[in-house]
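See below for the structure under consideration.
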Amino acid sequence: MAASESNPIIFYDIKSAAESPGAKAWSPNTWKVRTALNYKRLPYRTIYLPYPEIAPTLRGLGLQPLEGQVGWRAFTLPVIIDPTPSGPPKIIRDSAAIAQYLDATYPDHERPLYPGGSHALQALFCHHFHTRIYPILQLLIVPLTPSILDEGSIEYFHRTRSEAWGKPFAEHRPRGADLDKTWESLKEEFGVLDSLLQKNEVGRGGVGGDYVMGDKFSFADCVLVACFVWIDKIMAKQDVEENGWERIKGWHNGRWERLWEKSEEYMQVD
Numbered sequence: 001m002a003a004s005e006s007n008p009i010i011f012y013d014i015k016s017a018a019e020s021p022g023a024k025a026w027s028p029n030t031w032k033v034r035t036a037l038n039y040k041r042l043p044y045r046t047i048y049l050p051y052p053e054i055a056p057t058l059r060g061l062g063l064q065p066l067e068g069q070v071g072w073r074a075f076t077l078p079v080i081i082d083p084t085p086s087g088p089p090k091i092i093r094d095s096a097a098i099a100q101y102l103d104a105t106y107p108d109h110e111r112p113l114y115p116g117g118s119h120a121l122q123a124l125f126c127h128h129f130h131t132r133i134y135p136i137l138q139l140l141i142v143p144l145t146p147s148i149l150d151e152g153s154i155e156y157f158h159r160t161r162s163e164a165w166g167k168p169f170a171e172h173r174p175r176g177a178d179l180d181k182t183w184e185s186l187k188e189e190f191g192v193l194d195s196l197l198q199k200n201e202v203g204r205g206g207v208g209g210d211y212v213m214g215d216k217f218s219f220a221d222c223v224l225v226a227c228f229v230w231i232d233k234i235m236a237k238q239d240v241e242e243n244g245w246e247r248i249k250g251w252h253n254g255r256w257e258r259l260w261e262k263s264e265e266y267m268q269v270d
């Protein structure tokens, strides 16, 4: 283990227009890593990059663009740089890969992100989340994102998303009755997830715990927490009636609000 308070892990995050530390972080993908670092109590320092600076910064680190969800190649965050006792520092990208690296490099039997034997099950959970829930969230949240970005990032975000999707990205957000249907679809998908997590109650007298793995926090919870923070950060800035996180936290007997409350100590921003 090499990271220390004097030589911390460098964590690259996406800059917002906010000035106060607690309001800066907003991206769901980087929040997965921030939550993981906080949970494992690892020393780190955040470098916030506006969108136009991400590509040149990552090129400078020797990284190549990744294939995006809609077929476009892009330089994306999160990325961490971990100091090593000897040799060059380790550069790791992608939230799941970073979480696995942190568990392997900084083993902590009290605070694993992947408790024993859970890698495959957590991968299945993440696949379900990113194929069933995340696409709906993208429709609701991504077109609202420019409201929290710094000026230099707004133009970049509009241009690159419009190019990737083949039309102005703001047109992707549903309106009217379609918006109501989208929220209902999101609630239904979270309902499916809730019904699956209720299986944790089997043999436990109806008490299943508030985490994905019951009483054990894991990377799967980082994924959910990151999603909820993203919704809260973006939609809190909007003059819209959906209420965002205020709506979601009341679903499914308050399961998602309980997860937020139990995870708040891992949601600190430097």
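Reading the sequence shown from the start, the letters are residues 1 to 270 in the UniProt record's numbering.
Backbone N, C-alpha and C define an ideal beta-carbon position, used for all residues, glycine too.
For this session: Would you give the residue range spanned by the alpha helix (DSSP H) that Phe-169 belongs to?
Result: Element bounds for Phe-169: n/a, residue is neither H nor E.
Exercise. From which residue to which residue does the alpha helix (DSSP H) around Leu-37 run?
Worked result: Unbroken alpha helix (DSSP H) run through Leu-37: 28-39.
Problem set entry | Burial state of Gln-122 (16 or more Cβ within 10 Å) | buried
For this session: Throw me the rounded Cβ distance for the Thr-35 and Val-269 pair, which I believe falls under 8 Å.
Result: No, Thr-35 and Val-269 are not in contact; Cβ-Cβ is about 11 Å, not under 8 Å.
For this session: Taking Phe-129 as part of the beta strand (DSSP E), name the residues at either end of that continuous run.
Result: Where Phe-129 is concerned, there is no enclosing beta strand (DSSP E), given that its DSSP letter is neither H nor E.
Exercise. Out of Gly-87, Ile-248, Ser-95, Asn-38, which has the shortest C-alpha to C-alpha gap to His-130?
Worked result: Ser-95
Exercise. Going by the CB atoms, is the gap between Asp-13 and Thr-46 shorter than 7 Å?
Worked result: Yes. Within cutoff.
Exercise. Opposite Glu-67 in the DSSP bridges: which residues?
Worked result: Secondary-structure assignment with DSSP links Glu-67 through a beta bridge to Arg-73.
Problem set entry | Stretch pair the stretch 212-225 + the stretch 12-32: three plus CB contacts closer than 8 Å | yes
Problem set entry | With 16 other Cβ atoms within 10 Å as the buried cut-off, status of Thr-145 | buried
Exercise. What is the DSSP secondary structure of Lys-90, counted as helix, strand or coil?
Worked result: Strand, per DSSP.
For this session: Would you identify the three-state DSSP class for Lys-24, choosing helix, strand or coil?
Result: helix
Exercise. Residue range of the alpha helix (DSSP H) that Arg-247 falls in?
Worked result: It spans 245-248 - the alpha helix (DSSP H) in which Arg-247 sits, taken as one unbroken run.
Problem set entry | Given Pro-89 as reference, the closest of Glu-257, Leu-42, Asn-7, Pro-168 once Cα atoms are compared | Asn-7
Exercise. When DSSP builds the beta bridges, which residues end up paired with Asp-221?
Worked result: Answer is none; Asp-221 lacks a bridge partner.
Exercise. Under 7 Å, do Pro-65 and Ser-153 count as touching if we go by C-beta distance?
Worked result: no
For this session: Please report the residue range of the alpha helix (DSSP H) in which Arg-111 lies.
Result: Run containing Arg-111: none; DSSP gives neither H nor E here.
Exercise. Under 7 Å between the Cβ atoms of Lys-187 and Trp-245?
Worked result: no
For this session: Return the CA-CA distance between Lys-40 and Arg-132, expressed in angstroms with no decimal places.
Result: 29 Å
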